Amino acid sequence: MQIIIHRGTHQIGGVATEIRTNTTRILIDIGDELSLDENFNPAPLSIPGVTDTNGNCDAVLFTHNHGDHIGQLRNVRDEISLYMGNFARDVLLATIPKSDAFLKLRVEQARTFTPGETFQIADISITPFSVDHSACDSYMFLIEAAGKRILHTGDFRLHGFRGKAIPKILDKLVGKVDVLIIEGTTLSRPDMQPMTEQELQQKVKTYIEQYKFVYVLCASTNLERICALSKAVPRGKYFICDEYQDELLNLMQRHWGDYSPLYRNIKKITYGENLLPRFRENGFLMMVRDNRRFKEIIRNFDANQSIALYSMWDGYRTKPGSTIPDFLNSVGRWESLHTSGHASPKDLQMVIEKVKPGIIIPIHTENPGMLQSICPNEKIVILKDGEVVDV
-3 MQIIIHRGTH QIGGVATEIR TNTTRILIDI GDELSLDENF NPAPLSIPGV
47 TDTNGNCDAV LFTHNHGDHI GQLRNVRDEI SLYMGNFARD VLLATIPKSD
97 AFLKLRVEQA RTFTPGETFQ IADISITPFS VDHSACDSYM FLIEAAGKRI
147 LHTGDFRLHG FRGKAIPKIL DKLVGKVDVL IIEGTTLSRP DMQPMTEQEL
197 QQKVKTYIEQ YKFVYVLCAS TNLERICALS KAVPRGKYFI CDEYQDELLN
247 LMQRHWGDYS PLYRNIKKIT YGENLLPRFR ENGFLMMVRD NRRFKEIIRN
297 FDANQSIALY SMWDGYRTKP GSTIPDFLNS VGRWESLHTS GHASPKDLQM
347 VIEKVKPGII IPIHTENPGM LQSICPNEKI VILKDGEVVD V
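Last residue of the sequence shown: 387 (the working numbering), numbering continuous.
Encoded structure:
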């Protein structure tokens, strides 16, 4: 077997990993690059046989639906099968503009898989395992072929609501592997100690007690966090969203409502001007986005009793040309309240200890060499984009 990291060996985002045997070729993720440059345009990723007809590819698998992993889906040749989680596909369909008929059809045609159930692509066996990340329905993949076992972690973390399941999956269902392809987003922050999502939820409760009107700027697809925010709102106050967020939360309840009380019976109300007197009287937590419509809504409520909570990666706020600071200032008072969607360096070590890999390939990181520093006794293979590794 061979492995090629087409992009992502020395950067966060824009990742694409190829795994191939003598007869079969699959790709895991094909995403857009990330940048803080306001004039940045993501570079199309050219992969022979995937984005053109100069070769063959059997399938492209997606770990989750963040743009830096799925953003170049439209460039994959039409005849190549796409695979993703069922919930992830429905969320993606809900976020695609109605005018983009081509992309909508391509996603509708994607095949879906079930967590823990192995499926076959020619001579490659793939077992997807559901992991905790800031995008629901995220996966790591166990790839088995030619007598070798490769674990591709995708993006994951242990400090989310479902993070405690990952060590059990590694112990009971994965075991020792020959190659570990592991995300290393936080390797540039080796001392990182992330807040848990449960701790974040508790902090939100204190803001709700202190302020009558609480606005939260959070990624609309960070659905587990949004569910937790809704549960933090006490009886007598409102949890408010718009129709788009309402649709996504309904998807959450439909797909995952049977798994946990966190994901069901979400008491939400969509914003309407006719409800202004009730909102003003009782108070609320409102999910907002950086746009003119929400700015107009915010003006209806007393700034002295209001606070905005910024619950996203800080780079979106601080990059040149960002309109987020102006939006937050329109509330009058704001604070940052966020935790990472990615595993801490300590948790990366845990995964390595669990699966005892022959070699480790770090991806999705700006500092792959740091993994050798924190795991000095492991065989870390630091690649260049496009470099071929024989397994």
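Ideal Cβ placement from N, Cα and C applies to all residues, glycine included. This one's a predicted model, so the numbers in the text were calculated from it and none came from an experiment.
Rounded Cβ spacing between residue 125 and residue 220 (contact assumed at less than 8 angstroms): As a position in the sequence shown, residue 125 is number 129, starting the count at 1. As a position in the sequence shown, residue 220 is number 224, starting the count at 1. Actually they do not touch by this definition, with Cβ atoms about 17 angstroms apart.
Residue 383 (DSSP reduced to helix, strand or coil): The residue you call residue 383 lines up with position 387 of the sequence shown. DSSP places residue 383 in coil when its eight states are reduced to three.
Segment limits, alpha helix (DSSP H) that includes residue 223: Mapped onto the sequence shown, residue 223 falls at position 227. From DSSP, the alpha helix (DSSP H) with residue 223 extends over 219 to 228.
Alpha helix (DSSP H) segment containing residue 251, residue limits: By 1-based counting over the sequence shown, the position of residue 251 is 255. Note, residue 251: alpha helix (DSSP H), 239 to 252.
DSSP state of residue 115 mapped onto helix, strand, coil: Within the sequence shown, the letter at position 119 stands for residue 115. The answer is strand: DSSP assigns residue 115 an E or B state.
Identity of the residue in 298, 287, 285, 264 nearest residue 273 by Cα: Here residue 273 refers to the residue found at position 277 of the sequence shown. Here the closest residue by C-alpha is 298.
Sequence-distant residues of the same chain with beta carbon closer than 7 angstroms to residue 17, five excluded per side: The sequence position of residue 17 within the sequence shown is 21, counting from 1. The answer, listed in chain order, is -3, 119, 120, 141, 142.
Simplified DSSP assignment, three categories, for residue 260: In the sequence shown, counting from the first residue as 1, residue 260 sits at position 264. In the structure shown, residue 260 sits in coil (DSSP, three-state: anything other than H, G, I, E or B).
Nearest residue (CA-CA) to residue 40, options 22, 24, 72, 214: As a first step, residue 40 is located in the sequence shown; it is residue number 44 there, counting from the start. Per the Cα distances, 72.
Distance, residue 222 Cα to residue 289 Cα: Here residue 289 refers to the residue found at position 293 when the sequence shown is read from its first residue. Here residue 222 refers to the residue found at position 226 when the sequence shown is read from its first residue. Using only the alpha carbons, I get a separation of about 20 angstroms.
Integer Cβ distance of residue 234 from residue 304, believed to fall under 8 angstroms: Along the sequence shown, read from residue 1 onward, the residue named residue 234 stands at position 238. Along the sequence shown, read from residue 1 onward, the residue named residue 304 stands at position 308. The pair is not a contact, with the Cβ atoms about 17 angstroms apart (cut-off 8 angstroms).
C-beta contact flag for residue 182 and residue 8 at 7 angstroms: The residue given as residue 182 occupies position 186 in the sequence shown. The residue given as residue 8 occupies position 12 in the sequence shown. Not closer than 7 angstroms, so no.
Proximity winner among 109, 149, 179, relative to residue 362 (alpha-carbon distances): Residue 362 sits at position 366 when you count from the first residue of the sequence shown. Closest by alpha carbon: 179.
Cβ contact (3+ pairs, closer than 8 angstroms) linking the stretch 74 to 94 and the stretch 143 to 153: no
Cβ-based burial, residue 168 [other Cβ within 10 Å; buried from 16]: The sequence position of residue 168 within the sequence shown is 172, counting from 1. Exposed, since its Cβ has fewer than 16 Cβ neighbours within 10 Å.
Of the residues 153, 116, 122, 144, the one placed nearest residue 134, counting alpha carbons only: Walking along the sequence shown from the start, residue 134 turns up at place 138. The candidate whose alpha carbon is nearest that of residue 134 is 153.
Extent of the continuous alpha helix (DSSP H) run through residue 368: The sequence position of residue 368 within the sequence shown is 372, counting from 1. Taken as a continuous stretch (DSSP letters only), the alpha helix (DSSP H) holding residue 368 covers 365 to 370.
Residue from 170, 280, 336 whose Cα sits closest to the Cα of residue 204: Here the question's residue 204 lines up with position 208 in the sequence shown. Comparing Cα-Cα distances from residue 204 to each of 170, 280, 336, the minimum goes to 280.
Cβ separation of residue 354 and residue 175, assumed to be a contact under 8 angstroms, to the nearest whole Å: As a working mapping, residue 354 is identified with position 358 in the sequence shown. As a working mapping, residue 175 is identified with position 179 in the sequence shown. At roughly 7 angstroms, the Cβ-Cβ gap stays under 8 angstroms, so residue 354 and residue 175 are in contact.
DSSP-derived helix/strand/coil call for residue 63: On the sequence shown, position 67 is the one that residue 63 refers to. It is helical.
Where the alpha helix (DSSP H) containing residue 100 begins and where it ends: The sequence position of residue 100 within the sequence shown is 104, counting from 1. That run of the alpha helix (DSSP H) goes 97 to 104.
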